[in-house]
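Only one structure is covered here, and it is reproduced in the block below.
In our numbering, the protein residues as written are -8 to 704.
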């Protein structure tokens, strides 16, 4: 009968002075680790106070699920997802195994030896799991190393989009050091097992399947048990130094994301950018930073530490893709570098060889670095479309958009803005709309609608239609309003509008940083809405939809709101929109940022396309991965000098590559304007027709003068 399967923790030197030496080194490593954690916490505590979020149990569960599944890491990058999964899960099992040994050997052995369990069948199962985990750990790290060395992934070269002469070579060195350190820990761990098996040749060797194969290889070279034991001793201590060094190093560099990412995901606001917070009070204590950063909060400082420099936000940003000087990754790294010297923490990417004193920053130095034009140039901030693609894709929950908007508020206060934007904001202040037209002209489109459009302030209706600026004033978008009025009337829907009492809802006014003007618009709109008699609010504009749904409740307006595609989809399912003329055409559909990514309205427009008989060919980037048209965040009111390539043109060229597609369908008045122009400037006029979804539906219902008779090719 075989003896009980077990092995000593300190095999070969368990009764020597080396054992207490190991514990002494472990104590030092843990002390350095805790010191680093405390310094990080001190820095967070110095940040501007921010209310704690409710539902902590739900937040913890959601964050833990996000960390365990690594959902966003594998999305649209399967190779990296698999590699990271191997590393993450294997590291977790290896850490759990170390914890088990600690409990058994350092606690139970001293206080309750009879309860020790690291032996027998448990030990055998433990050996299999640890052996396989170590191999998968090495494989995953190897895959990541190959990716960095040979895949030429553009986002990993850290090249700046603003062409600032900043040396970022130390970022790459830090990445390779982090990866190499983990890889050495894994390889030495596997070698320890192999050398031990060569030296001992226990009966349970097969329960370390990979270690046993390596051991057989060593035996084939003629390695003796004594030689193996000597190498086991050396490798054991190399592994111990590496592991303890990693523990000590963890809070001071890139590896801190292993702690900060879970915390960052826990405190993440699911509505980050969707419902913006008001500006922080000037009386709130916090970091004495320049107005450009407006007293960064503890949560933002935590987000900075969670950043892994993965560049996913860099990849999806429409500004970066269009040649504008904004990269969300660069923005976060620049801010992190500026403030990470606070409280003596060394700045990531600081020159190797700099002393700790040289890497510290005083509050005055931080303030100077964050002044507009110094660290973060105004053009960088004004390049943002607030499309929220960066927030959507970030695997650690960084909230880029609120940070950018907060810094824009400072620029607005200083008057540092595009001249066109300044004029538009003046239009809002004087006329309540971006066009600067009279309030009396807001409903002029009604005259050509051909159907009665009641005043909801005078007549009770089911739907109060908040039309929005573009559908009210732009000649191209007015046709959308007119077509929708006819379709709603045809379906027997009771609706009305506010006529001259409506103002711009303020979604983009707030996102350019003009908080005071936003609040003025909110106040006037709420007063007008409350003067009407209705059951639900209907919108044509996704930007209006977002702010009425997600931001107005904070100001006291609680209403049920629908985008027109949601209403029409329901009407179609209720057989109130019977199709007379099926639209036998191939179309593609663009998901508006504020309808799709912001508010997850993906299916109603697609259902309507199917309802009218059209064939939908999806864009390569669709749904939450949709590519912004370039109008959001007030960009539609600014000049194009920051954008060498227009995002809308890139999108049209993408659509033109789709086989047989003749119609580019939108569900946003701003999209209609942007893409109509883009088709012309891209040279595809007459080849690709841009139209609102309601145009397609109107033709299918037989309400339009022209019925599409084209056939699918």
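Think of the CB as a built atom: it goes at the ideal place given N, C-alpha and C, for glycine as much as any other residue. All values reported here derive from a predicted model rather than from experimental measurement.
Runs of the beta strand (DSSP E) spanning 3 or more residues and lying entirely within the region 155 to 226 do not occur at all. If one requires a minimum length of 3 residues, the beta strand (DSSP E) runs lying completely within the region 491 to 576 are 527 to 530, 552 to 554, in chain order. Judged by DSSP secondary structure, residue 654 falls within the beta strand (DSSP E) whose first and last residues are 654 to 657. Taken atom to atom, the span from the alpha-carbon of residue 490 to that of residue 569 is near 30 angstroms. Apart from the 5 residues on each side of it in sequence, residue 448 sits with its Cβ closer than 7 angstroms to the Cβ of 489, 492, 522, 523 in its chain, given in chain order. Within the same chain, and ignoring the five residues on either side of residue 207 in sequence, no residue has its Cβ closer than 6 angstroms to its Cβ.
Within its own chain, the residues whose Cβ lies closer than 8 angstroms to the Cβ of residue 170, once the five positions on either side in sequence are excluded, are 132, 135, 136, 139, listed in chain order. In the DSSP assignment, residue 289 falls outside any beta strand (DSSP E) and lies within the alpha helix (DSSP H) extending over 289 to 297. Between residue 313 and residue 644, the C-beta spacing is not below 8 angstroms.
Boundaries of the alpha helix (DSSP H) around residue 72: 69 to 93. Segment contact: the region 104 to 111 against the region 83 to 96, three or more CB-CB distances shorter than 8 angstroms; contact assigned. Rounded to whole angstroms, the separation of the alpha carbons of residue 658 and residue 581 is 8 angstroms. Here the C-alpha atom of residue 104 lies approximately 49 angstroms from the C-alpha atom of residue 68.
Counting of Cβ neighbours within 10 angstroms places residue 544 among the exposed residues, the total staying below 16.
Residue burial annotation: residue 204 is exposed, with fewer than 16 other C-beta atoms found within 10 angstroms of its C-beta. Counting C-beta atoms within 10 angstroms of its own C-beta, residue 39 has 16 or more neighbours from the protein chains shown and is therefore classed as buried. Burial is judged here by how many other beta carbons sit within 10 angstroms of a residue's own beta carbon; residue 473 has at least 16 and is buried. Of 101, 315, 320, the smallest CA-CA separation from residue 298 is found for 320. A distance below 8 angstroms separates the beta carbons of residue 603 and residue 688.
Residue environment for residue 290: buried (at least 16 other C-beta atoms within 10 angstroms of its C-beta).
At a cut-off of 4 residues, the continuous stretches assigned as alpha helix (DSSP H) that sit fully inside the region 367 to 408 are 369 to 373, 380 to 384, 391 to 405. Taking C-beta atoms as the reference points, residue 579 and residue 629 fail to come closer than 8 angstroms. If you check the CB distance, residue 646 and residue 679 come in under 8 angstroms. Rounded to the nearest angstrom, the Cβ distance from residue 186 to residue 212 is 12 angstroms, too far for a contact under 8 angstroms. For residue 455, the pairing in a beta bridge is given by DSSP as 487, 528.
Around the Cβ of residue 463, a 10 Å sphere holds 16 or more other Cβ atoms; the residue is buried. Judged by DSSP secondary structure, residue 0 falls outside any beta strand (DSSP E); it is assigned neither H nor E. The continuous stretches of beta strand (DSSP E) do not include residue 471, which lies in the alpha helix (DSSP H) extending over residues 466 to 481. For residue 683, no alpha helix (DSSP H) run applies; the uninterrupted beta strand (DSSP E) run containing it begins and ends at 680 to 683, by DSSP. Per the C-alpha coordinates, the member of 371, 184, 330 positioned closest to residue 292 is 330. The beta carbon of residue 508 lies closer than 8 angstroms to those of 416, 419, 420, 497, 500 in the same chain, with the five residues before and after it left out.
Per the coordinates, the alpha-carbon of residue 539 lies some 21 angstroms from the alpha-carbon of residue 390. Burial is judged here by how many other beta carbons sit within 10 angstroms of a residue's own beta carbon; residue 546 has fewer than 16 and is exposed.
If you draw a 10 Å sphere on the C-beta of residue 15, you find fewer than 16 other C-beta atoms in it, and that means exposed.
In the three-state reduction of the DSSP assignment, residue 606 falls in the strand class, which pools E and B.
Its chain contains 497, 543, 546 as the residues whose beta carbon lies nearer than 7 angstroms to that of residue 513, once the 5 sequence neighbours on both sides are disregarded; these appear in chain order.
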